[in-house]
Amino acid sequence: MQRVFFIILIFFFSCETVVELDIPPHDPLLVVNGIIETDSVASIFISNSLGAFDQGEIKSIDDANVFLYENGSLVGEMFPDLGNIDTINLTEDYWWNYVGSAPIYIYKSDIIPKDDFTYSIEVNHPDYQSVYAETTVPSSLELTDLEIIDNTDGSDSIFYNATLKLSFLDNSSQNNYYRIRLYLETEGEDWNEDETDYEIVEKTYPLVLYSNDPSLSQGIPWDGYTFSGRTALFNDGMFNGQQKDISFDLEYKISQLQNGDELFLQLTSFSEEGYNYFNSRELNLDGFGGPFGSEPVPIFSNIENGIGVFGSGNSTYFPINP
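And the structure:
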C-alpha cells in the first residue's frame with residue numbers, strides 16, 4: 232500500500248507544464264496629474280508610465296513643453312518650479328529598504344483659474360506621444376446654514392460628541408459634484424530628524440466624519456453609520472436643484488478647543504473629472520481598508536493619449552465658532 236501511495240505522489244508531483252506568455256512590450260506614455268483650483272496658480276506634475284513587468288523607474292519629467300489654454304486661447308507656457316523642488320523616497324523590498332530619493336518637478340503658470348472658465352493643456356515631449364486634456368472650473372458655493380452642536384453632557388459616556396449641520400443650494404442646470412472636509416487647526420510638536428528636539432508649530436488635521444446620509448456612496452461603514460471618513464464625496468443625483476441638508480457626527484469634543492485653535496469647513500465643488508478621480512481613489516482606499524476587501528477600482532483618467540487626470544475644483548472655507 233505504501234508503494235502504491237508513493238507512485239501516485241510521483242505521478243502528481245512530476246506532471247508540470249511550462250507555459251510561456253508572449254507579453255507585448257509596453258510603450259511608455261506621458262502621465263499628467265493636476266487639479267487646478269481658484270485659490271492658487273495652475274500647476275501639474277508630469278512623469279512616465281511603466282508596464283506591469285518593466286524594471287525601470289517612474290521619473291519626474293522636467294523638459295516637457297506644456298501649453299495652457301483659457302477658453303480656447305493660448306495664455307502661456309507652464310514651466311517647472313525649480314525654486315521649489317520636492318523629493319520622493321525610493322524603496323525596494325515592498326517599501327522596507329530605502330535606496331535614495333528622486334526630485335519631483337511641478338509645472339506652474341501665473342494664471343489663477345476663474346469660475347466657469349474652461350482650461351486645457353497640451354504636453355509635448357520628443358520621447359512620448361503628445362497628450363491633451365481640458366476641464367471647466369465649477370462655480371463657487373455659498374452655504375445657507377452652518378452650525379455645530381455640542382452633544383456632551385459632562386460625562387465620558389458619549390462617543391459622538393458633536394454634530395455638524397450644513398445646507399446649500401444645488402444648481403439645477405448642471406450636474407454637480409461635491410466634497411466636504413472639516414479641519415482642526417491647532418499647535419503641535421514638530422520634531423527634528425533624530426527626534427532629540429522639537430518646536431511648536433501650527434498643524435492642520437482633517438477630522439473623521441460619521442453620517443447616514445444616502446448621498447454618500449463611499450466611505451467605510453462603522454458603528455451603525457453607513458459612512459465614516461475624513462473626506463465626504465458625493466454628487467447631486469439625489470437632490471438636483473434642491474437645497475441639500477446634510478449632517479455629520481464627530482468624535483471630537485468641542486470642549487477640547489484651546490485658545491488659538493480653529494475649526495473650519497472646506498466645501499469644494501468639483502468638475503466631473505476631478506470628482507471621478509477622487510472618487511475612484513476613495514473607493515480603492517475603502518476597499519483596501521474594509522473588513523472584506525474588494526476588487527481594485529481603476530483610477531480615473533481623462534488624459535488623451537496618456538494617463539492621469541486634469542480636473543478642477545472650487546473650494547470655499549467657512550470658519551466654525553462653537
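Its first residue numbered 232, the sequence shown is counted upward by one per residue in the working numbering. Note that CB positions come from ideal geometry on N, CA and C, so glycine has one too.
Evaluate residue i with the Cβ neighbour count: other Cβ atoms within 10 Å of its Cβ, from every protein chain shown; 16 or more gives buried, anything less gives exposed.
i: PRO550; result: exposed
i: ILE343; result: exposed
i: GLU424; result: exposed
i: ASN302; result: exposed
i: LEU395; result: buried
i: GLY542; result: buried
i: GLY521; result: Because GLY521 sits at a pLDDT of 48, beneath the cut-off of 50, its placement in the model cannot be relied upon, and the following sentence gives the value as read from the coordinates. GLY521 is exposed by the Cβ-count criterion.
i: PRO311; result: buried
i: TYR202; result: Not covered by the structure: residue 202. The range shown for the chain is 232 to 553.
i: MET445; result: It should be pointed out that residue 445 corresponds to Pro in this sequence rather than to Met. PRO445 comes out exposed.
i: THR318; result: exposed
i: ASN533; result: buried
i: THR375; result: exposed
i: LEU305; result: exposed
i: GLU268; result: buried
i: GLN233; result: At GLN233 the pLDDT is 47, less than 50, meaning the model places this residue with poor confidence and gives no usable figure here.
i: ILE431; result: exposed
i: ASN552; result: exposed
i: GLY419; result: exposed
i: SER278; result: buried
i: TRP326; result: The predicted model places TRP326 with a pLDDT of 49, which falls under 50 and marks its position as unreliable; any figure quoted below should be read in that light. Exposed, because fewer than 16 other Cβ atoms sit within 10 Å of the Cβ of TRP326.
i: ILE477; result: buried
i: LEU397; result: buried
i: ILE316; result: exposed
i: SER442; result: buried
i: ASN407; result: buried
i: GLY314; result: exposed
i: SER388; result: No answer about SER388 holds up, because its pLDDT of 47 lies below 50 and its placement is not dependable.
i: ILE238; result: Summary for ILE238: the model assigns pLDDT 42, below 50, so the residue's position carries little reliability, and this model does not support an answer.
Smallest Cα separation from residue i: which of the options?
i: LEU281; options: TYR338, ASN466 and PRO259; result: PRO259
i: THR383; options: ASN302, LYS484 and LEU400; result: LYS484
i: ASN466; options: TYR409, ILE380 and ASP381; result: TYR409
i: ASN490; options: VAL540, THR318, GLY307 and GLU433; result: GLU433
i: LEU481; options: SER361, LEU374 and ASN392; result: ASN392
i: SER271; options: GLY307, ASP341, MET309 and ASN279; result: ASP341
i: TYR359; options: GLU416, ASP492 and ILE292; result: ILE292
i: PRO357; options: ALA463, TRP422, ILE431 and ALA295; result: ALA295
i: LEU413; options: ASP421, TYR336 and LEU377; result: LEU377
i: THR554; options: LEU516, LYS290 and ILE380; result: Outside the displayed span of the chain (232 to 553) sits residue 554, for which this structure offers no information.
i: PHE470; options: SER404, THR417 and SER486; result: SER404
i: ILE380; options: PHE479, MET309 and GLY265; result: PHE479
i: GLU535; options: VAL354, ALA364 and LYS290; result: ALA364
i: THR417; options: ASN355, GLY265 and LEU438; result: LEU438
i: MET309; options: LEU415, VAL354, GLN474 and PRO529; result: VAL354
i: LEU415; options: LEU447, ASP492 and PRO452; result: ASP492
i: SER361; options: ILE289, LEU447 and VAL297; result: VAL297
i: ILE266; options: SER486, THR366 and ILE411; result: THR366
i: LYS475; options: LEU447, GLU426 and PRO529; result: LEU447
i: GLY544; options: PRO529, LEU464 and ILE530; result: LEU464
i: ILE192; options: LYS290, PHE531 and PHE458; result: In this structure the chain extends from 232 to 553, so residue 192 is not present and cannot be described.
Contact defined as beta carbons within less than 8 Å: I believe residue i pairs with residue j. What is the distance between those atoms, to the nearest angstrom?
i: GLY460; j: LEU440; result: 6 Å
i: GLU513; j: GLN449; result: 5 Å
i: ASP401; j: GLY472; result: 6 Å
i: VAL263; j: GLY468; result: With a Cβ gap of about 29 Å, VAL263 and GLY468 do not count as contacting.
i: LYS345; j: VAL368; result: 6 Å
i: SER500; j: LEU372; result: 5 Å
i: GLY455; j: LEU261; result: Their Cβ separation, rounded to whole angstroms, is 46 Å, which puts GLY455 and LEU261 out of contact at 8 Å.
i: ILE337; j: PHE276; result: 6 Å
Write down every uninterrupted run of the beta strand (DSSP E) in the segment 451-533 whose length is 3 residues or greater and which is fully enclosed by it, in chain order.
-> 458-460, 463-466, 474-481 and 493-501
Contact between the segment 490-499 and the segment 531-550 (3+ Cβ pairs under 8 Å) | yes
State whether the segment 332-342 contacts the segment 501-515, with contact taken as three or more CB pairs (one from each stretch) at a distance under 8 Å.
-> no
Could you give the uninterrupted runs of the beta strand (DSSP E) lying entirely in the segment 348-405, keeping only those of 3 residues or more?
-> 349-356, 359-367, 374-381 and 393-400
Can you find at least 3 beta carbon pairs, one from the segment 350-367 and one from the segment 292-307, that sit closer than 8 Å?
-> yes
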